[in-house]
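Notes follow once the structure below has been shown.
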């Protein structure tokens, strides 16, 4: 807002004698003297501006009762501020006030005062004059102590002193007898004064993250307490007076040093939440059974090997945490807690589960990861409400793809899929071991990788004088026979060694594979450490060989001892001369030995899965549609759709095929030959024009690059594959233009930078894999400044007047970040979040996050001393709140160092919460919008309607009119084609960008029509993608009639179900899918009919008479949005 605009607002407000004025978030840097003319104002909101001072005339606003100055840059207040004696509520959070003027304390009518995060170094004794205060917030200041006069604020009900660096409380604190809520968390308190017991009206008390080693017996006088948080202190015992807090509902003692609990704990009869995790408890008192109102009990990370028998009395318990204890078996008492909904048993030594677990009929979440379970009781399938079952890191015979993501922070797999698979493979007659694995050959270009692959396949292969370098990846099949007589299939992946490929190999190096690093006599050309580190990081330390390709028998020297000391997954170093086959037999023998012992080899799979895998293997095509895949499954008697998707997911994770089920474009295809897709990707990265344009390419370029018949029909999908692999992004506001960031210029972009008040962060890496920054660029591309300030090693982001510079120094193994502007912490949080996502995609990536020192000396240095964020965090957990600067030798506050750069508020239980900021959500939304925009189909509209009658006549006329306007209409009667798959066409309608649905009574009762409507809804944005036209016989506006449609589908399901019961199971192929389809329609019809009735639809007559004017206008608007 300009000064002129502000003066106009003030002038108008004076004329209108307004009493309330909101000027928040207007970008104001100063206030004019005319602000003092607003003498009628009672409420003024100036939060979220950039005010550094207030004019003296501000004191003329003597009628002000409520003033909000949060989130400005005020470093002082004028003496005239003391004239605002009618103020009752004053917000000054997030400013830079290191002190308050003496006149401030004339505001004796203040009831609410907020001074959080204002850099106050002390609280003056005059605070005692504000005797009407009821709420006082002083969080995150540098107070260190409180004046005795604090005791004069006898009307205080709420006091927040979080992060105030307090080491003690004055005895006068006990005079605040009306306090109901007190927050003293994250201070340095070592004890509480005995006067603390006088605060008898306290209902909520937060003392987490202090240094309390004991509680005074007077704590028992706080009999109105309902909430008590003592997380992360040093309490070794509790006073028996704790039992007097009989109104307590929440008690958090997480992360203390308690080895036992007093029996008086049982007197807390109103307790609902009790958290005792991370202590040293080896047993619990029987009295804990008296806490019959307890709903949640946390006992993680203790030393419990059993539970007291009286725990069965906790019949209201809904959540029980026993993770990371010493349980060898499930305590029998647990199965009597029949109201349990969540049970944590991870990180124990459980080898079995009792059949009695079936008694926990309300159980929804069962966490059992990292135990020793190799089997499950059959009764577990009888838990009717089980939604979440975590069995990861157990020796159960279930593929990890089904158990869930390896990242344990993510939810486990689908519980029905886990149990279905487990019990299916218990029958040995229905399973078959899986003998297939990948052997990946890597190394520098020209080292002999392709020669090795071909020699393994065929020992008699004649080496070519100039073996053609692999472009991208070649895949060769090799079979051998196991000692048990079973055939074993090896998929040999031969990787191109050129530099351009190094960044992209990360997307294809997979776990549960065997690797070979090929080096020839030019050993100086092979960075063994780099390649072995890449395998370690990207493949979860899969076994690896070094193959010494000793051409012409010239010795290849490798320091095996040093490398084995560094890499315990380095299994063999094998020499060969591929021209003479010397050493080839030993190489093949070693491959057979190690590859047959990979974890997944021999896993029992359902025979139907193995049969489908064989059918896919025999299909010579590069890819098939997902419908063709489903049909192939059905032909091989795999008829359950979920099972089909489980299998394609399993084969995807093994690298046998590619099926991206969560991608709106790629999910419609199964890529049978992954090398087909990767070769297509590399054709773009290798293309001369794309390289000359430093990574920039268009869809026209892709038409030329992918002009061959094997790619021509799949260009959109292949482009999406590149986006999926983070190899390119769409340039914002430039239609059909894309950038492959690894091909960008190495020359730094030209721009200016204001280095004042920057947030600075650095990442340093023990080993830095290639491609971190290019992946980051793809993830954050919507915010690249002007879509121009980006180069191969750096990028400048700009969002909401906040800029960030991120530069990778690969040779120094570091990434430097600078952020400047209004929302520095939030933007820094987005940057670190995106980088952490990339870091987490590597196994055991070692790096440090370095925080710059903020002492007075370092503030003025271009290279301040830096601290490891991990070490700072550890110091906090160890209650070491200061650290020495190595430049100035000053002691620096650890919390302030972290708070200066990191946006990570604490949760109530005190755990760090890397909160997704509003900016992060905005970034995800903008990326999704760009993706949706790119995936828009061409100008074609689908029509969904019931054949015959009024619908047919109407559609014929609509078809003719829209075609004349240049809008292509797709309708099944004309465009399905001879012998075309009706269901595939219906799914195509569901995926289409826009669809006109002509709704009639016949339509609402037609399986095909309703399937189309359900598909449209399933593919998202139903309201924006569909143009409904409702015929008169469609009774969607009458609630009774809508219920009849639901009943129609219920009757259809019943009728089909009864018919299926009268036929043998062998003859039901396809019918189960029909009943699933009917059920899907029944479940969706009520919501769809409601949506349709609420849309502003015109009658067919109005549409026809207007030549579909309104419909055309709406369609044109949507198509314009597409462009």
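Residue numbers (our numbering): 4 to 1126. Note that beta-carbon positions come from the ideal geometry of N, C-alpha and C, so glycine has one too.
{"Check": "Distance between beta carbons of residue 64 and residue 85, contact taken as under 8 Å", "Outcome": "With a Cβ gap of about 12 Å, residue 85 and residue 64 do not count as contacting."}
{"Check": "Span separating the alpha-carbon of residue 157 from that of residue 77", "Outcome": "29 Å"}
{"Check": "Identified DSSP bridge partners for residue 23", "Outcome": "46"}
{"Check": "Spatial distance of residue 880 from residue 197 (CA atoms)", "Outcome": "27 Å"}
{"Check": "Secondary structure of residue 307, DSSP reduced to three states", "Outcome": "coil"}
{"Check": "C-alpha distance - residue 358 paired with residue 351, whole-angstrom precision", "Outcome": "19 Å"}
{"Check": "Residue nearest to residue 595 in terms of C-alpha spacing, selected from 459, 647, 826", "Outcome": "459"}
{"Check": "Cβ-based neighbour list, residue 845, same chain, cut-off 7 Å, excluding 5 preceding and 5 following", "Outcome": "540, 541, 772"}
{"Check": "Per-residue DSSP class, three states only, for residue 715", "Outcome": "helix"}
{"Check": "CA-to-CA distance, residue 584 to residue 489, given in whole angstroms", "Outcome": "27 Å"}
{"Check": "Start-to-end residues for the beta strand (DSSP E) that takes in residue 324", "Outcome": "322–324"}
{"Check": "CB-CB length for residue 1013 against residue 1088, believed under 8 Å", "Outcome": "7 Å"}
{"Check": "Element boundaries [alpha helix (DSSP H), containing residue 656]", "Outcome": "644–657"}
{"Check": "Neighbourhood of residue 523 by C-beta distance below 7 Å, restricted to the same chain and skipping five residues each side", "Outcome": "450, 451, 552, 554, 559"}
{"Check": "Spatial neighbours of residue 83 in its chain, beta-carbon cut-off 6 Å, leaving aside the 5 residues before and after", "Outcome": "59, 62"}
{"Check": "Three-way DSSP call (helix, strand, coil) for residue 794 in this model", "Outcome": "strand"}
{"Check": "Residues bridged to residue 301 [DSSP beta-bridge criterion]", "Outcome": "278, 324"}
{"Check": "Beta-carbon proximity check, residue 52 vs residue 80, cutoff 8 Å", "Outcome": "no"}
{"Check": "Touching by the beta-carbon criterion (3+ pairs, under 8 Å), the stretch 116–131 and the stretch 98–108", "Outcome": "yes"}
{"Check": "Supposed contact pair residue 834 and residue 809 - C-beta distance, whole angstroms, cut 8 Å", "Outcome": "6 Å"}
{"Check": "Per-residue burial, residue 14 [other beta carbons within 10 Å of its own, 16 or more giving buried]", "Outcome": "exposed"}
{"Check": "C-alpha gap between residue 393 and residue 379, whole angstroms", "Outcome": "12 Å"}
{"Check": "Exposure label - residue 5; buried when at least 16 CB within 10 Å", "Outcome": "exposed"}
{"Check": "Residue 909 - DSSP class collapsed to helix/strand/coil", "Outcome": "Bear in mind that the predicted position of residue 909 carries a pLDDT of just 41, short of 50, making it too unreliable to give a figure here."}
{"Check": "Contacting residues, own chain, Cβ-Cβ under 6 Å from residue 39 (five flanking each side not counted)", "Outcome": "60, 63"}
{"Check": "Test item: CB-CB of residue 1020 and residue 961 under 8 Å", "Outcome": "no"}
{"Check": "For residue 181, the three-state DSSP class (helix, strand or coil)", "Outcome": "coil"}
{"Check": "Where residue 1065 falls: helix, strand or coil (DSSP)", "Outcome": "coil"}
{"Check": "Euclidean distance between Cα positions of residue 11 and residue 138", "Outcome": "36 Å"}
{"Check": "Pair within 8 Å by beta-carbon distance, residue 368 and residue 329", "Outcome": "no"}
{"Check": "Neighbour-count burial assignment, residue 706, 16 or more Cβ in a 10 Å radius", "Outcome": "exposed"}
{"Check": "Euclidean distance between Cα positions of residue 251 and residue 769", "Outcome": "50 Å"}
{"Check": "N- and C-terminal bounds of the alpha helix (DSSP H) containing residue 1006", "Outcome": "1004–1007"}
{"Check": "Where residue 749 falls, given that 16 or more other Cβ within 10 Å makes a residue buried", "Outcome": "exposed"}
{"Check": "For residue 479, three-class secondary structure by DSSP", "Outcome": "strand"}
{"Check": "Expected contact under 8 Å - CB spacing of residue 215 and residue 192 to nearest Å", "Outcome": "6 Å"}
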